[in-house]
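Trainee: Residue numbers (UniProt numbering): 1 to 117.
From the three backbone atoms N, C-alpha and C, an ideal C-beta is built for every residue, glycine too.
Got a structure here, written out as structure tokens. Questions coming.
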Amino acid sequence: MANSTGKNLLDQRRKGQAFLDELRQFHQSRGSPFRKIPIVGGKELDLNALYIRVVSLGGFAKVSDKNQWTELGDEFNFPRSCSNAAFALKQYYLRTLNTEAKSGDRYPGSTFVCPLH
Numbered sequence: 001m002a003n004s005t006g007k008n009l010l011d012q013r014r015k016g017q018a019f020l021d022e023l024r025q026f027h028q029s030r031g032s033p034f035r036k037i038p039i040v041g042g043k044e045l046d047l048n049a050l051y052i053r054v055v056s057l058g059g060f061a062k063v064s065d066k067n068q069w070t071e072l073g074d075e076f077n078f079p080r081s082c083s084n085a086a087f088a089l090k091q092y093y094l095r096t097l098n099t100e101a102k103s104g105d106r107y108p109g110s111t112f113v114c115p116l117h
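So, in structure tokens, the structure goes:
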């Protein structure tokens, strides 16, 4: 029997996988298939966590205006040798997650539209 920490981790993985499945469908429906999960600092980027965190900070534009991409990189615990983590996060967010904000459609698993300001 899994302990509560193991159960939480399993639930988090399931939510992350559901988000990725819906993200792939979202991109495919717009003719821009999402092919693979980005790798940053030698590990897969948790796109669900990135999306949730950027939205919680007010959206892409606010994170960019306040230059918070470096702080976000620190939260993801990339190795110190990954000196371009902030740039990579910003670029991957733009390519995979910000498409929704531009189109005004809702993103998988959300009940809101990602703010642009």
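Please work out which residues of its chain come closer than 6 Å, Cβ to Cβ, to Gly16, disregarding the five sequence neighbours upstream and downstream, and give them in chain order.
Mentor: Asn48
Trainee: The ligand PLP and Phe78: does the residue's C-beta get closer than 6 Å to at least one heavy atom of that ligand?
Mentor: Summarising the ligand content, the structure contains no ligands, and the ligand PLP is consequently not present.
Trainee: Return the CA-CA distance between Ile37 and Arg14, expressed in angstroms with no decimal places.
Mentor: 16 Å
Trainee: When you compare only the Cα positions, how much space is there between Gly58 and Ala85?
Mentor: Cα-Cα distance, rounded: 20 Å.
Trainee: Between which two residues does the alpha helix (DSSP H) holding Asn48 run?
Mentor: Leu47 to Ser56
Trainee: Would you identify the three-state DSSP class for Lys43, choosing helix, strand or coil?
Mentor: Here Lys43 carries a strand assignment [DSSP, helix/strand/coil].
Trainee: For the candidate residues Leu10, Ala18 and His27, whose alpha-carbon lies nearest to that of Leu94?
Mentor: His27
Trainee: CB-CB under 6 Å to Lys90, same chain, minus the five flanking residues each way: which ones, in chain order?
Mentor: Trp69
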